[in-house]
Amino acid sequence: RSPVVSPQALEDQYSPSRWSPRLDRDTIIDAHLAVTAAGGERGARREGLRSVPRPRAPPPPPAGTERARASAQTLLHVPYGNGDGEKLDIYFPTDPSETFPALVYIHGGYWQCLSKDDSGFAAPPLVSQGVAVVAVGYDIAPKGGCCPAETAAACVAQCPPALPFALCLGHMDAMVLQVRRSLVFLAERYPRIRGIYLCGHSAGAHLAAMVLSTDWTEFQVVPDIKGTVLVSGVYDLEPILHTYVNDVLNMSREVAQRNSPMRHVTPAVPAACEVLVAVAQHDSPEFRRQSQEY
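Numbering of the sequence shown is given in our numbering, commencing with residue 24 and proceeding in unit increments.
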């Protein structure tokens with residue numbers, strides 16, 4: 024459990040922009056956007072790193088993604104389901120062998136901003152070394168969130184066949200299920216991929232950790248996950264229930280508990296795969312605590 028009890032203290036702990044030792048909160052956001060516009064995550068608006076507004080129209084892909092798409096053989100916007108966000112961008116190795124490993128990257132954005140289109144910057148150095156890169160899209164909040172059923176399985180069972188299942192689930196349940204389904208899709212449709220390495224940042228680290236806790240018998244496919252890198256993730260969702268992060272997610276305590284990776288860690292003998300849990304040097308004490316406890 025989080026030792027932080029003050030509502031304002033929780034807001035501070037889960038606001039990454041408040042933890043730079045060099046720049047104030049407003050300046051650090053501007054600096055972040057200036058850097059990532061050239062190399063990666065331009066999908067966030069300035070205020071988006073805290074209050075996460077919804078853009079009226081999708082921005083064009085940032086320069087890093089455009090360069091990756093121009094320099095690699097790609098399949099873009101590959102649907103793995105019928106939801107708007109259920110798309111993959113696949114960057115194939117420059118000189119692919121008969122089989123090859125794949126890095127599957129799950130973007131962050133506190134589950135409510137950014138997209139796979141902001142994730143291509145990671146591809147060039149990997150595809151040149153024989154590794155495919157898959158950027159996973161999912162339906163970020165506030166899409167969906169209308170099902171009153173108590174479990175994700177019940178929601179899916181009640182969902183009309185023609186309706187994207189994300190619209191029949193709460194936001195968090197839907198995102199977790201979508202990312203799991205993306206791995207199933209890759210395993211079924213791309214047999215040349217031998218060995219999946221998950222990587223997630225922030226909210227993406229949370230979703231990747233939930234993938235590791237999947238009971239794959241429900242999907243009748245077991246993806247060949249060889250390793251996972253989790254960076255600056257949130258693994259216990261209860262502390263954020265009363266912060267600005269939950270304003271759009273609208274999670275109940277039950278939903279937060281059900282989707283907290285910390286509650287689903289089980290010993291695997293032998294270990295199913297190696298997991299590297301990382302934090303940034305200046306992440307807040309709460310981010311560091313969560314990573315250490317997970």
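All C-beta atoms, glycine included, are put in the ideal place defined by N, C-alpha and C. Given the structure is predicted, the values throughout are model-derived calculations rather than measurements.
- Annotation: Glu297 to Ala93 spans about 33 Å, alpha carbon to alpha carbon.
- Distance from the Cα of Gly131 is smallest, within the candidate group Leu200, Val278, Asp141, for Asp141.
- One thing to note: Val254 has its Cβ no nearer than 8 Å to the Cβ of Met195.
- For Leu235, the CB contacts under 8 Å within the same chain, skipping 5 residues up- and downstream, are Leu221, Ile248, Thr251, Pro284, Ala295, Cys296, Val298 in chain order.
- Where Glu241 is concerned, there is no enclosing beta strand (DSSP E), because DSSP gives it neither an H nor an E.
- Close CB contacts of Pro44 within its chain, under the 7 Å cut and outside five residues either way in sequence, are with His305 (chain order).
- Between Glu211 and Ser25, the CB-CB gap reaches or exceeds 8 Å.
- Here the alpha carbon of Ala32 sits roughly 27 Å from the alpha carbon of Met233.
- Between Ala95 and Ala158, the C-beta spacing is not below 8 Å.
- In the DSSP annotation of this structure, the continuous segment of the beta strand (DSSP E) that includes Thr251 starts and ends at 248-254.
- Separation of the CB atoms of Ala155 and Gln135 is rounded to 28 Å, and the pair is thereby denied contact status at 8 Å.
- In the structure shown, Leu260 falls within a coil segment according to DSSP collapsed to helix, strand and coil.
- Here Cys222 is bridged, per DSSP, to Tyr128, Val252.
- About 17 Å separates the Cβ atoms of Gly218 and Ile129, ruling out a contact at the 8 Å cut-off.
- In its chain, beyond the 5 residues on either side, Gln96, Ala155 have a beta carbon closer than 6 Å to the beta carbon of Phe115.
- Annotation: Arg48 to Ser38 spans about 9 Å, alpha carbon to alpha carbon.
- Excluding five sequence positions before and after Leu149, the CB atoms of its chain that fall closer than 7 Å to its own CB belong to Leu126, Val156, given in chain order.
- Thr50 has no beta-bridge partner at all, per DSSP.
- Put simply, the backbone Cα of Asp112 is about 10 Å away from that of Thr88.
- In this structure, DSSP gives Asp140 a helical state, which the three-state scheme calls helix.
- A Cβ-Cβ contact shorter than 8 Å links Arg215 with Thr122.
- In this structure, Tyr213 is the residue among Tyr213, Tyr258, Asp162, Leu264 with its C-alpha nearest to the C-alpha of Leu98.
- Taking Glu261 as reference, the option from Tyr317, Tyr133, Gln280 with the minimal CA-CA separation is Gln280.
- By the neighbour-count criterion, in which a residue is buried when 16 or more other Cβ atoms sit within 10 angstroms of its Cβ, His265 is exposed.
- Here the alpha carbons of Leu46 and Phe242 stand approximately 47 Å from one another.
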